[in-house]
Ligand SMILES: [Zn+2]
């Protein structure tokens, strides 16, 4: 897309514009240059994942563009980077017809299926051996995009394959989809391309974390997250979900001369096939079309694809690749194998359901069926009642699953689950298992309705369900189940991380009366515990040491550990940045809380209430008296250097520290973390297999490069 020379030129333009934008001196004559520069950085960030400027620098240029376009509205263009943003809500998504039907692919599950498919393809083409292009089968939501005269004019969901929903406004929020692309260079006037929208694993995890913090049921898998996101009526919310798109198929195009070309669509093929002059050779093969899309700035599977001659090599590759699927940053559920040459695709044509020139090789399902034997109702730390299905043990993707959360009553009703049902259970990657559906055709009449309790299974109080909530809730603050869950949450890995405690010990100590509340952790009767069966001196010493050590945890972990409703890990960090001492929150007004980044009315209200509740304040006083770290400005447990004003970035795999730990060490000492290498960076810490960031940092004389050991030494100095 961008040659080294062009990259250099755009980098130079970037720094010139950055200098001018500081003083708001960019002239209207430089608008197009500003847009080019921003598009270039979008491409570096969202397509290559290799940014060349910091987020801050990008934002500065973006704001400058917004300012200029507001001043000169007639100079604004539809494909300007500012024009992704839509304001207001979408009323509805009109149904539109695809230019060429979006057929589904035939599925294969083993080598035999592939051999059969290859044999038929060879018979129909009369060739001894075919060339195949193999690429990942992305597990997301299919889309079709139309570009006309180089501009994105429509984006649609797959729908039933004939018609889909026009979701252009949401597609425009996906920053790896260019709003314009120079198809005219290839002699193309209008083109329909296909691809997949997906949410990568880390965005998915973060998104679910937010849902859980709001007591909402998490999304089942990244595929549902992607397809659900495409139909959201608030485009700004779509933008926040960090969707990505791979584009991997050209289904139709008209050349500038007006001749229709429909690669691989057999009977739809026009009778007159004439190549217009200048049309590129790339449009003779599938791999060529991927190259073209890549060259035009699309994220096509150009690097992921592999070319093979003959089916044996394809089968070998499938076997190897299946073992690597978990290493990808996104979910895939198989590989797609396509006959590479378009002329041969045309000759093979299609059946009524599938093209004959492509097949999907599906990986082993991460689904299994089992029997739902009973439903238990668990009381969470906020009192919400969660139905949990107990199923006959079943092995899915190497893990034995025995219980599956059903989240809430609405989910149970929607899926029409009954006790005794045979259910289809899915466990994708590291996602928590969930029930896809009951196999209702297998029912014999003995299945029983799932009955929700009216009273708390732990304390017997009457359960309440408010209008806007999906969960039934026990509102007894002293409900023993809630107290235990709050202590378990406090000690959990992402909170105070008291490793040798564990859920079972909390329940046991609570049952014995050794532990009544959170501060009770810091005054456990160790002598009595040592006397218990199964508690050796060593394990008690370890427990005591782990609990003592937890007092040093940074304050954002303590905030998260308190279990304030709607406050997840990310919000806890935001909150920690806003204070010097945890008790500062006692003085915060609602308005001050609302001014914090990403804190809405619901979250602010919850924090406000928490720090005005007498019981909570007493708990905080106790915790402080036991010496827990309430302080945000530096922490006694980490020695040394004052990193105030210093910026860090980590790249490659660290051997001793987790990335998050290392970043925390920097932040605890007053330093900050940057997202990319730029002249604003002071230190780059490199681990194993450091890539482009290291190369880039070497070119900037002011960046100091440290190994992990040097970093540790530096921070402990
Ligand atoms: Zn209760």
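In our numbering, the protein residues as written are 210 to 926. Note that beta-carbon positions come from the ideal geometry of N, C-alpha and C, so glycine has one too. All of these numbers come straight from a predicted model, not from anything done at the bench.
Item                                                                                                                                                                       : Value
Buried or exposed for residue 763, going by 16 or more other Cβ atoms inside 10 Å?                                                                                         : buried
What residues sit near ligand 1, counting only those whose C-beta is closer than 6 Å to one of its heavy atoms, in chain order?                                            : 588, 665, 667, 668, 670, 683, 685, 688, 690
Using C-beta distances below 7 Å, list every residue in its chain close to residue 848, excluding the 5 sequence neighbours before and after it, in chain order.           : Reliability of the predicted coordinates at residue 848 is poor, the pLDDT of 38 falling under 50, and the value obtained from them is presented with this limitation in mind. Excluding sequence neighbours, residue 848 sits near 925.
Taking Cβ to Cβ, would you say residue 883 is nearer than 8 Å to residue 912?                                                                                              : no
From residue 228 to residue 283, what distance separates their C-alpha atoms?                                                                                              : 25 Å
Taking 6 Å as the limit between beta carbons, can you name the residues of its chain near residue 475, skipping five residues before and five after?                       : Residue placement at residue 475 is flagged as unreliable, the pLDDT there being 38, under the threshold of 50; a coordinate-derived value is accordingly withheld.
Between residue 941 and residue 796, what straight-line distance do the alpha-carbon atoms span, to the nearest angstrom?                                                  : Nothing can be reported for residue 941: it is not among the residues displayed for the chain, which extend from 210 to 926.
Take every Cβ of the segment 738-754, pair it with every Cβ of the segment 780-787, and state whether three or more of those distances are shorter than 8 Å.               : no
Does the structure place the segment 435-442 close enough to the segment 566-584 that three or more beta carbon pairs sit under 8 Å?                                       : no
With residue 549 and residue 342 assumed to form a contact (beta carbons below 8 Å), what rounded beta-carbon distance in angstroms separates them?                        : 5 Å
Which residues in the same chain as residue 612 place their Cβ atom closer than 6 Å to its Cβ, once the five residues preceding and following it in sequence are excluded? : 597, 599
Fully enclosed by the segment 368-411, which beta strand (DSSP E) runs are 3 residues long or longer?                                                                      : 372-374, 397-407
Between which two residues does the beta strand (DSSP E) harbouring residue 895 extend?                                                                                    : 892-895
Here's the rule I'm using: 16 or more other beta-carbon atoms within 10 Å means buried, otherwise exposed. How should residue 380 be labelled?                             : buried
Please report the straight-line C-alpha distance between residue 806 and residue 601, rounded to a whole angstrom.                                                         : 45 Å
Which class does residue 790 belong to by DSSP, given the choice of helix, strand or coil?                                                                                 : strand
Can you give the Cα-Cα distance for residue 411 and residue 400, rounded to whole angstroms?                                                                               : 32 Å
Where does residue 529 fall in DSSP's three states?                                                                                                                        : helix
As a quick exercise: from 505, 490, 509, pick the residue whose alpha carbon is nearest that of residue 499.                                                               : 509
Between residue 724 and residue 644, what straight-line distance do the alpha-carbon atoms span, to the nearest angstrom?                                                  : 36 Å
Please state if the CB of residue 356 and the CB of residue 404 are separated by a distance shorter than 8 Å.                                                              : no
Quick check: is the beta carbon of residue 336 nearer than 8 Å to any beta carbon in chain C?                                                                              : Absent here is chain C; the protein component of the structure consists of one chain.
Just checking my contact of residue 899 with residue 860 at CB under 8 Å: how many whole Å lie between their CB atoms?                                                     : 5 Å
Would a C-beta distance cut-off of 8 Å place residue 642 and residue 635 closer than the cut-off?                                                                          : yes
Could you give the residue range of the beta strand (DSSP E) that holds residue 458?                                                                                       : 453-464
Is the distance from the Cβ of residue 367 to the Cβ of residue 375 below 8 Å?                                                                                             : no
Starting from residue 292, follow the alpha helix (DSSP H) in both directions and report where the run begins and ends.                                                    : Run containing residue 292: none; DSSP gives neither H nor E here.
From 390, 371, 361, pick the residue whose C-alpha is nearest to that of residue 173; which is it?                                                                         : The structure shown does not extend to residue 173, since the chain spans only 210 to 926, so no value can be given for it.
Using the C-alpha atoms, what's the distance from residue 710 back to residue 657?                                                                                         : 39 Å
Could you pull the start and end residues of the beta strand (DSSP E) that residue 316 belongs to?                                                                         : 315-317
Run through the DSSP bridge pairs and tell me what residue 344 is partnered with.                                                                                          : 545
On the premise that residue 346 lies in contact with residue 543, defined as a C-beta separation below 8 Å, what is that separation, rounded to the nearest angstrom?      : 4 Å
If you reduce the DSSP assignment to three classes, tell me which class residue 601 lands in.                                                                              : strand
First and last residue of the beta strand (DSSP E) that includes residue 338?                                                                                              : That residue, residue 338, is in no beta strand (DSSP E); it is neither H nor E in DSSP.
Under a Cβ-count criterion, where at least 16 other Cβ atoms within 10 Å of its own Cβ denotes burial, should residue 382 be classed as buried or exposed?                 : buried
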